[in-house]
Amino acid sequence: MRYWIALWLGLALIVCGPLQAKAQHAPLGAWAFEPTDKFPQFTKMFVQRKEGQLGGVLTSQWYGDLPMLDLRIDHDRLIFKIYNGNPRLTPHDLTARIEGTHLVLTGRLWDDEIKATAHPATPSELAALRFPTYPLPPPRPVPDNGLARTPPMGWSSWNKFGEEIDDKTVREIADALVKTGLRDAGYVYVNIDDGWQGARDANGVLQPNAKFPDMKALADYVHARGLKLGLYSSPGPKSCAGYPGSYGHVEQDARTWAAWGVDYLKYDLCSGEAFYHTAETVQAVYQQMGEALQATGRPILYSLCEYGRFDVGSWGRRVGGNLWRTTGDITDDYARMSAIGFDANGAPHNGGPGGWNDPDMLEVGNGGMTLEEYRTHMSLWALMAAPLLLGDDVRQVQPDILSMLSDRDVIAIDQDRLGRQGLPLRRLGDIEIWTRPLADGALAVGVFNRSAQSKTVAVDWAELGLKRPKSLRDVWRAVDLDPTQDTLTRDVPGHGVVLLRLGGEAL
Ligand code: GLA
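In case it helps, my numbering puts the sequence shown at residues 399 to 905.
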């Protein structure tokens, strides 16, 4: 009996042993991914067991070398996560297993389904796929460039056109800014956001893509109309939409843009968040571009876009920034716009002449909000001393939107030379009263109704701790009101605003 059991066990081992060994063979070692344009463009993976510990690195063109976190073997699979430095990203499991002679990597990253295939890498392949790293400058203050004494004003392609932007559209927008009078109202920067970048030439010089045949000629066209040209890049290897960033080419890119005649740079962290995810490295990399822009000798207004991380308002100026984003992206709806405008404008003491909190570009005219809501949008931005960067197609601007965007009294509040950012004076449920002191001693006051229903609001100067004004203007209605009354009673439409200018020493 014992003999038979031993024989069966032996046979079972002989038959199943190799199968089992094969089934449990997880993909350790070095792998080279097949070249791909698919996010995040994985290039290589290396996994080893050292002193009993499993460790690995996954490399991609977007994020460079990322450690494989929570790495474990489950039968024939490697299961792990990668973290790209974005605090909003929940890392999901990625799974690597062998199929035939290849490795297949599957899972989710951001909203993307991942499926990438690799083959065993030779040492020379691995060396060729090595991801370069570059030194960052030591901290030192970048001198004030003297620009943006009031919040920058202009237009940007992103909110309306996204990546669908080209030379012809930018020229037409420049013409429309002139024709509509928006340029003369102050909107002078014509900013091409993500989507203009092409490939680098043999010397590493970044070229525009086919949609922008001659960037210098485009800058000349824009300048000839009394406007200025803005461009966009990223400190990472890829911009947010996947175009080449300035990683490894910071000084060279700054020189290229200066030679084209660029006047404004928005520098968007994007894939750089994987490399620069500490306060020190993010500051250093923004300082690096700040210094590079100044070294060109051309005055280039510098816009930092890292979504408000690491209290950017407290160091944005020091790295040469003239404005810095305080939030993630705006969208063309009341919920998102008001969440930013009321609650994410950045710390008011950080903003002022030369450096401004930037709650993102305007959506006015893009169709997702009512006129009242757009009026609230403009009023909040003006009270916050926010940059006013139009985000609509100004070639087709409707008369009511045009008059809203060109309202001289509202623009005057935004552009007030004192540069003091407004603050909420009172928040009572859905009604919020915000004030902004102005250079001539006047006070801008916004009476906002955050509910969807119209509300009657009584504003009592004494109750608000204000002196009775010498003059009183309803800014949007463009009418002067009786300043001698103690209380002003107004119907404020749902999601709407009454914007006032109180003349004299109101505080
Ligand atoms: C990020 C920025 C946006 C825009 C896009 C372009 O999301 O926050 O303002 O520049 O990138 O890809």
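All residues carry an ideal CB built from backbone N, CA and C; glycine is no exception.
| Can you find a heavy atom of ligand 1 that lies under 7 Å from the Cβ of Ala-514? | By 1-based counting over the sequence shown, the position of residue 514 is 116. No, Cβ of Ala-514 sits at least 7 Å from all heavy atoms of ligand 1.
| query | Do Leu-879 and Asp-872 have their C-beta atoms within less than 8 Å of each other? | reply | Walking along the sequence shown from the start, residue 879 turns up at place 481. Walking along the sequence shown from the start, residue 872 turns up at place 474. Cβ distance < 8 Å, so Leu-879 and Asp-872 count as in contact.
| request: Go ahead and label Gly-593 buried or exposed: buried means 16 or more other beta carbons lie within 10 angstroms of its beta carbon, across all protein chains shown. | output: Locating residue 593 in the sequence shown gives position 195, where the first residue counts as 1. So Gly-593 counts as buried.
| Cβ of Tyr-761 within 8 Å of Cβ of Asp-730? | For this step, residue 761 is matched to residue 363 along the sequence shown. For this step, residue 730 is matched to residue 332 along the sequence shown. The question names Tyr, but residue 761 in the sequence shown is Glu. For the pair Glu-761 and Asp-730, the CB atoms are nearer than the 8 Å cut-off.
| What do you reckon, are the CB atoms on Gly-719 and Gly-670 nearer than 8 Å? | Start at 1 with the first residue of the sequence shown, and residue 719 comes out as number 321. Start at 1 with the first residue of the sequence shown, and residue 670 comes out as number 272. No, the pair does not count as a contact, with Cβ atoms beyond the cut-off.
| Which value, in whole angstroms, describes the spacing of the CA atoms of Ile-799 and Phe-708? | For the purposes of this step, residue 799 is taken as the residue at position 401 of the sequence shown. For the purposes of this step, residue 708 is taken as the residue at position 310 of the sequence shown. Taking the straight line joining both Cα atoms gives about 36 Å.
| field | Pair within 8 Å by beta-carbon distance, Pro-537 and Gly-646 | value | Counting from one through the sequence shown, the residue named residue 537 turns up at place 139. Counting from one through the sequence shown, the residue named residue 646 turns up at place 248. Taking 8 Å as the Cβ cut-off, Pro-537 and Gly-646 do not qualify as a contacting pair.
| In chain order, what residues of the same chain lie with their CB nearer than 7 Å to the CB of Asp-727, ignoring the 5 residues before and after it? | If you number the sequence shown from 1, residue 727 lands on position 329. Counting only residues of its own chain and dropping the five nearest sequence neighbours on each side, Asp-727 has a CB closer than 7 Å to the CB of Asp-758.
| CA-to-CA distance, Thr-882 to Arg-696, given in whole angstroms | Reading the sequence shown from its first residue, position 298 is the one you call residue 696. Reading the sequence shown from its first residue, position 484 is the one you call residue 882. Taking the straight line joining both Cα atoms gives about 52 Å.
| Around the Cβ of Lys-420, are there at least 16 other Cβ atoms within 10 angstroms (buried) or fewer (exposed)? | Here the question's residue 420 lines up with position 22 in the sequence shown. Confidence in Lys-420 is poor, its pLDDT being 45 and thus under 50, which makes the residue's placement unreliable; the coordinate value appears in the next sentence. Exposed is the call here.
| said: Quick test of the definition: if touching needs 3 or more C-beta pairs under 8 Å, does the stretch 891-904 touch the stretch 769-784? | reply: These segments touch.
| field | Buried versus exposed, by CB contacts within 10 Å (16 or more), Pro-797 | value | Here residue 797 is taken as the residue at index 399 of the sequence shown, counted from 1. The residue in question, Pro-797, is exposed, as its Cβ has fewer than 16 Cβ neighbours within 10 Å.
| query | Is it the case that the Cβ atoms of Ala-682 and Leu-534 are separated by a distance below 8 Å? | reply | Reading the sequence shown from its first residue, position 284 is the one you call residue 682. Reading the sequence shown from its first residue, position 136 is the one you call residue 534. Yes, they are a contact pair.
| field | N-terminal and C-terminal residue of the alpha helix (DSSP H) that Thr-499 is part of | value | Locating residue 499 in the sequence shown gives position 101, counting from the first residue. No alpha helix (DSSP H) holds Thr-499; DSSP gives it neither H nor E.
| request: Would you identify the three-state DSSP class for Gly-624, choosing helix, strand or coil? | output: As a working note, residue 624 is residue 226 in the sequence shown. For Gly-624, the three-state secondary structure derived from DSSP is coil.
| field | Contained beta strand (DSSP E) runs [length at least 3] in the stretch 645-709, N- to C-terminal order | value | Secondary structure in the stretch 645-709: the beta strand (DSSP E) runs of 3 residues or longer, each lying completely within the stretch, are 662-666 and 699-703 in chain order.
| Who are the near neighbours of Ile-811 in its chain, counting only those whose CB is closer than 6 Å to its CB and skipping five residues on each side? | Taking the sequence shown and counting its residues from 1, the one referred to as residue 811 is at position 413. The beta carbon of Ile-811 is closer than 6 Å to those of Ala-780 and Ala-842 in its chain, skipping five residues each way along the sequence.
| Comparing alpha-carbon positions, which option in Ala-424, Thr-694 and Thr-676 lies nearest Val-923? | The requested residue 923 does not occur in the structure, where the chain is confined to residues 399 to 905.
| request: Could you tell me which residues DSSP puts in a beta bridge with Asp-858? | output: The residue given as residue 858 occupies position 460 in the sequence shown. According to DSSP, Asp-858 bridges with Thr-885.
| In chain order, what residues of the same chain lie with their CB nearer than 6 Å to the CB of Leu-501, ignoring the 5 residues before and after it? | Here residue 501 refers to the residue found at position 103 when the sequence shown is read from its first residue. For Leu-501, where only same-chain residues beyond five positions count, the Cβ hits under 6 Å are Pro-425, Trp-429, Ala-494 and Ala-516.
| said: Looking at ligand 2, does it come within less than 7 Å of Trp-556, judged from the CB to the closest heavy atom? | reply: Here the bound small molecules are ligand 1; ligand 2 is not part of this structure.
| query | Under a three-way DSSP split, which group does Lys-865 fall into? | reply | Taking the sequence shown and counting its residues from 1, one reaches residue 865 at position 467. In the structure shown, Lys-865 falls within a coil segment according to DSSP collapsed to helix, strand and coil.
| field | 4-residue-minimum alpha helix (DSSP H) runs that sit fully inside the stretch 753-806, ordered along the chain | value | The stretch 753-806 is shown to contain whole alpha helix (DSSP H) runs of 4 or more residues at 769-781 and 797-803, in chain order.
| field | beta strand (DSSP E) segment containing Met-735, residue limits | value | Stepping through the sequence shown from its first residue, residue 735 is reached at position 337. Note, Met-735: premise wrong, no beta strand (DSSP E); alpha helix (DSSP H) at 732-741.
| field | Every unbroken beta strand (DSSP E) within the stretch 424-491, with a cutoff of 3 residues, ordered by chain | value | Complete beta strand (DSSP E) runs here, min 3: 427-431, 440-448, 451-458, 462-465, 467-472 and 475-479.
| query | Straight-line CA distance for Ile-512 to Asp-612? | reply | Locating residue 512 in the sequence shown gives position 114, where the first residue counts as 1. Locating residue 612 in the sequence shown gives position 214, where the first residue counts as 1. So the two alpha carbons sit approximately 36 Å from each other.
| said: Using the Cβ count rule (16 or more neighbours within 10 Å means buried), how would you classify Gly-453? | reply: Taking the sequence shown and counting its residues from 1, the one referred to as residue 453 is at position 55. So Gly-453 ends up on the exposed side.
| What is the DSSP secondary structure of Leu-629, reduced to helix, strand or coil? | The residue given as residue 629 occupies position 231 in the sequence shown. For Leu-629, the secondary structure class from DSSP, reduced to helix, strand or coil, is strand.
| Burial state of Tyr-532, where buried means 16 or more other Cβ atoms lie within 10 Å | As a position in the sequence shown, residue 532 is number 134, starting the count at 1. Around the beta-carbon of Tyr-532, fewer than 16 other beta-carbon atoms lie within 10 Å, marking it exposed.
| Residue range of the alpha helix (DSSP H) that Ile-590 falls in? | Locating residue 590 in the sequence shown gives position 192, counting from the first residue. Segment: none, Ile-590 is in no alpha helix (DSSP H) and carries neither H nor E.
| What are the start and end residues of the beta strand (DSSP E) that includes Phe-846? | Within the sequence shown, numbered from 1, the residue matching residue 846 stands at position 448. Unbroken beta strand (DSSP E) run through Phe-846: 841-847.
| Where DSSP assigns a beta bridge to Lys-577, which residues make up the other side? | If you number the sequence shown from 1, residue 577 lands on position 179. Bridge pairing for Lys-577: absent [DSSP].
| query | How do the stretch 548-557 and the stretch 469-477 stand: do at least 3 beta-carbon pairs fall below 8 Å, yes or no? | reply | Two segments are said to touch when three or more pairs of C-beta atoms, one from each, lie closer than 8 Å; by this definition the stretch 548-557 does not touch the stretch 469-477.
| task | With DSSP as the reference, label His-747 as helix, strand or coil. | result | Your numbering for residue 747 matches position 349 in the sequence shown. Here DSSP, grouped into helix, strand and coil, assigns His-747 to helix.
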